[in-house]
Structures are given as structure tokens and as C-alpha cells.
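Asker: Residue numbers (this note's numbering), protein chains in the order written: chain A, 1178 to 1290; chain B, 123 to 235.
Glycine is no exception: its CB is placed at the ideal position from the N, C-alpha and C atoms.
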Amino acid sequence: KAGVTQTPRYLIKTRGQQVTLSCSPISGHRSVSWYQQTPGQGLQFLFEYFSETQRNKGNFPGRFSGRQFSNSRSEMNVSTLELGDSALYLCASTSDGGTGELFFGEGSRLTVL
Amino acid sequence: GENVEQHPSTLSVQEGDSAVIKCTYSDSASNYFPWYKQELGKRPQLIIDIRSNVGEKKDQRIAVTLNKTAKHFSLHITETQPEDSAVYFCAAVYGGATNKLIFGTGTLLAVQP
Chain A
1178 KAGVTQTPRY LIKTRGQQVT LSCSPISGHR SVSWYQQTPG QGLQFLFEYF SETQRNKGNF
1238 PGRFSGRQFS NSRSEMNVST LELGDSALYL CASTSDGGTG ELFFGEGSRL TVL
Chain B
123 GENVEQHPST LSVQEGDSAV IKCTYSDSAS NYFPWYKQEL GKRPQLIIDI RSNVGEKKDQ
183 RIAVTLNKTA KHFSLHITET QPEDSAVYFC AAVYGGATNK LIFGTGTLLA VQP
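Listed below in C-alpha cells is the structure:
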């Protein structure tokens, strides 16, 4: 069974641009969560989607948004990029709507110049 | 607020010694407490978890204890080995039966051979 796949793995953007990151969960998993990982802040929750609905949202500005498609694939978008948005963005999926093990992807490393 | 405090931030032990990492959470409604291990350059992976109806859980050299009254939970690793060297994150679920995990800031464990 293929794991969680994130694309792109690395990207460089400049301030003011926008970026879209993609996540394909493990087949059969319907819950997808997104986390931002930085050296100083650890893993911070962005949002969680389940069956195309945003079920939870973290404390990030409105520049951060996401969506989930009918095949459970998810995208997150960051608009008007700032230097502080440089981070590793991790996607994780779980098998159903309950609380359980998160299976993480390898992440998308975003650098904002 | 939604917060998980984790201590220590770094921990160095000799091979064969025990290591203990402690976390405190703020939401009394939290009922799921996983621990993730992240090796350098790799994705976080679940190593053990505990639910609120259990006070302790063991898996070979790893154990987790939970004190719901004090809102504390701890990870215990016995007979540490060099391959245990990694960053360990504790987490607590917020918002009921969802996958909104709030993570601690991580503990860098170094096992000296």
C-alpha cells in the first residue's frame, strides 16, 4: 500500500507570491491533516479535512487555506507569502473519522526569499 | 488555550540508561495522547499512544504513563540504544473525536555509545 505522497518536495518562492501544495493520502483514508514544522515551533496544526469538509482549523491567518477533493486528495494554499512562512509542511492521513495514528508524508519544504 | 508543554528540550544519556520525557496538556477533555519519533530528515512516526481510560501502556522498551488528574503524561525508554537518538514529540487531541493534534515542541534525545 502506497504511503502519503506530497508534492512538490521542495520549492522556492519570493515574498508576495502564492503557493499550492498537494497531498495524496493512503488509499482508503478519508481524514487529511496539515502541519507546519519549523525549528523553533515544532509541529503546528493548520487544518483537518474529512470527507471534503474542514473539520478543524488551527491558529493561522486567513492566508492559509485548504480543500479536499472527493478522492480524499488535499491541497493547501498560502497566499501573499512572507519570510516567516518558510517551513516544512507535513500532511498526514488517518483511516477514518475517529482519532488514531497519523501517517505522515515526507513533507514539502518551502523557502520564501 | 490549546497547549502542550514538553520537557526537556534536549536530553543526553549513555547507552543502556533510561530516558524520560514529560508533557503537560491544558484541555481536560483530551482523551488521546500519542508519541511520535522523528529521525533526522525523516517523517514523524507513531511509536506509542495511550487513551484516557488507561493509566499506563508498555511496548517492549517503551512505556507511556498518564495522570489525567494532573494532566501529565510521560514517555519512558529503557535500555536506550544509539538508534533511539531522534526528536520525540508528545501530542494531545483537541476538539473531541477528531485528528486535531496539538504537539509539544519536541525533545532531542541523544544516546551516547
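1) So, with DSSP's three-state summary, where would you put Asp-1262 of chain A?
2) Could you work out which residue in A:Gly-1193, A:Gln-1183, A:Arg-1186 is closest to Arg-1240 of chain A when comparing CA atoms only?
3) May I ask you to list the residues that DSSP assigns as paired with Tyr-158 of chain B?
4) Determine whether the Cβ of Lys-222 of chain B lies closer than 8 Å to any Cβ atom of chain A.
5) Flag this pair as yes or no: are the beta carbons of Thr-236 of chain B and His-198 of chain B separated by less than 8 Å?
6) For Leu-223 of chain B, count the other beta carbons within 10 Å of its own beta carbon; 16 or more makes it buried, fewer makes it exposed. Which is it?
7) Between His-129 of chain B and the rest of its own chain, which residues show a CB-CB distance below 6 Å, the 5 nearest in sequence each way excluded?
8) With contact counted as at least three CB pairs below 8 Å, one residue from each stretch, are the segment 131 to 145 of chain B and the segment 198 to 207 of chain B in contact?
9) Quick one: what's Phe-1241 of chain A bridged to in DSSP?
10) In chain B, which residues lie less than 9 Å from Leu-1223 of chain A when you measure between Cβ atoms?
11) Can you name the residues of chain A whose CB is closer than 8 Å to the CB of Leu-168 of chain B?
12) Measure how close the beta-carbons of Gly-228 of chain B and Ala-213 of chain B come, nearest whole angstrom, since I'm counting them as under 8 Å.
13) Does the Cβ-Cβ distance between Leu-1309 of chain A and Val-1196 of chain A come in under 8 Å?
14) Going by DSSP in three states, Asp-139 of chain B sits in which element: helix, strand or coil?
15) For Ser-1201 of chain A, does the count of other Cβ atoms within 10 angstroms reach 16, so buried, or fall short, so exposed?
16) Out of B:Pro-166, B:Gln-160, B:Gln-167, B:Tyr-154, state which residue places its alpha-carbon closest to the alpha-carbon of Gly-177 of chain B.
17) Gly-1261 of chain A: buried (16+ other C-beta within 10 angstroms of its C-beta) or exposed?
18) Skipping 5 residues on each side, what residues in its chain have a beta carbon closer than 7 Å to that of Arg-183 of chain B?
19) Beta strand (DSSP E) containing Arg-1286 of chain A: first to last residue?
20) Strictly below 8 Å CB to CB, what residues from chain A border Phe-155 of chain B?
21) Quick check on Glu-1283 of chain A - is its C-beta less than 8 Å from some C-beta in chain B?
22) Is the separation between the beta-carbon of Phe-1281 of chain A and that of Arg-165 of chain B shorter than 8 Å?
23) Are the CB atoms of Leu-1267 of chain A and Gln-1214 of chain A nearer to each other than 8 Å?
Answerer: Let me lay it out:
1) Sequence index remark: in the first sequence, residue 1262 of chain A carries index 85 (1-based). Looking at Asp-1262 of chain A - three-state DSSP - the assignment turns out to be helix.
2) Taking the first sequence and counting its residues from 1, the one referred to as residue 1240 of chain A is at position 63. Closest option to Arg-1240 of chain A, judged by alpha-carbon separation, among A:Gly-1193, A:Gln-1183, A:Arg-1186: A:Gly-1193.
3) Reading the second sequence from its first residue, position 36 is the one you call residue 158 of chain B. Within the DSSP secondary-structure output, Tyr-158 of chain B pairs in a beta bridge with B:Leu-168, B:Phe-211.
4) Counted from its first residue, the second sequence places residue 222 of chain B at position 100. For Lys-222 of chain B, the closest Cβ of chain A is nearer than 8 Å.
5) Absent from the model: residue 236 of chain B. The displayed extent of chain B is 123 to 235, so no value can be given.
6) Here residue 223 of chain B refers to the residue found at position 101 of the second sequence. Counting C-beta atoms within 10 angstroms of its own C-beta, Leu-223 of chain B has 16 or more neighbours from the protein chains shown and is therefore classed as buried.
7) Taking the first residue of the second sequence as position 1, residue 129 of chain B is located at position 7. For His-129 of chain B, where only same-chain residues beyond five positions count, the Cβ hits under 6 Å are Lys-144.
8) A contact exists between the segment 131 to 145 of chain B and the segment 198 to 207 of chain B.
9) For the purposes of this step, residue 1241 of chain A is taken as the residue at position 64 of the first sequence. Partner(s): A:Val-1255.
10) Looking up residue 1223 of chain A in the first sequence gives position 46. The CB of Leu-1223 of chain A never comes closer than 9 Å to any CB in chain B; the least such distance is about 10 Å.
11) The residue given as residue 168 of chain B occupies position 46 in the second sequence. Within chain A, the residues near Leu-168 of chain B are Glu-1278, Leu-1279.
12) Within the second sequence, the letter at position 106 stands for residue 228 of chain B. Within the second sequence, the letter at position 91 stands for residue 213 of chain B. The Cβ separation is near 11 Å, so there is no contact.
13) Chain A is shown from 1178 up to 1290; residue 1309 of chain A falls before or after that span and cannot be answered.
14) As a working mapping, residue 139 of chain B is identified with position 17 in the second sequence. Residue state for Asp-139 of chain B is assigned as coil, using DSSP reduced to three classes.
15) Numbered from its first residue, the first sequence carries residue 1201 of chain A at position 24. Around the beta carbon of Ser-1201 of chain A, 16 or more other beta carbons lie within 10 angstroms, which makes this residue buried.
16) Indexing the second sequence from 1 puts residue 177 of chain B at position 55. For Gly-177 of chain B, the closest alpha carbon among the candidates B:Pro-166, B:Gln-160, B:Gln-167, B:Tyr-154 is that of B:Tyr-154.
17) As a position in the first sequence, residue 1261 of chain A is number 84, starting the count at 1. By the beta-carbon neighbour count (other beta carbons within 10 angstroms, threshold 16), Gly-1261 of chain A is exposed.
18) Residue numbering aside, residue 183 of chain B sits at position 61 when the second sequence is read from its first letter. Only Ile-199, Thr-200, Glu-201 meet the Cβ criterion.
19) As a position in the first sequence, residue 1286 of chain A is number 109, starting the count at 1. 1285 to 1289 is the span of the beta strand (DSSP E), which, as asked, contains Arg-1286 of chain A.
20) Numbered from 1 along the second sequence, position 33 holds the residue referred to as residue 155 of chain B. Under the 8 Å cutoff, chain A gives no residues; its nearest Cβ is about 10 Å from Phe-155 of chain B.
21) In the first sequence, counting from the first residue as 1, residue 1283 of chain A sits at position 106. Chain B contact via Cβ: present.
22) Here residue 1281 of chain A refers to the residue found at position 104 of the first sequence. Here residue 165 of chain B refers to the residue found at position 43 of the second sequence. Result yes, Cβ atoms of Phe-1281 of chain A and Arg-165 of chain B sit closer than 8 Å.
23) The residue you call residue 1267 of chain A lines up with position 90 of the first sequence. The residue you call residue 1214 of chain A lines up with position 37 of the first sequence. In contact: Leu-1267 of chain A and Gln-1214 of chain A (Cβ atoms closer than 8 Å).
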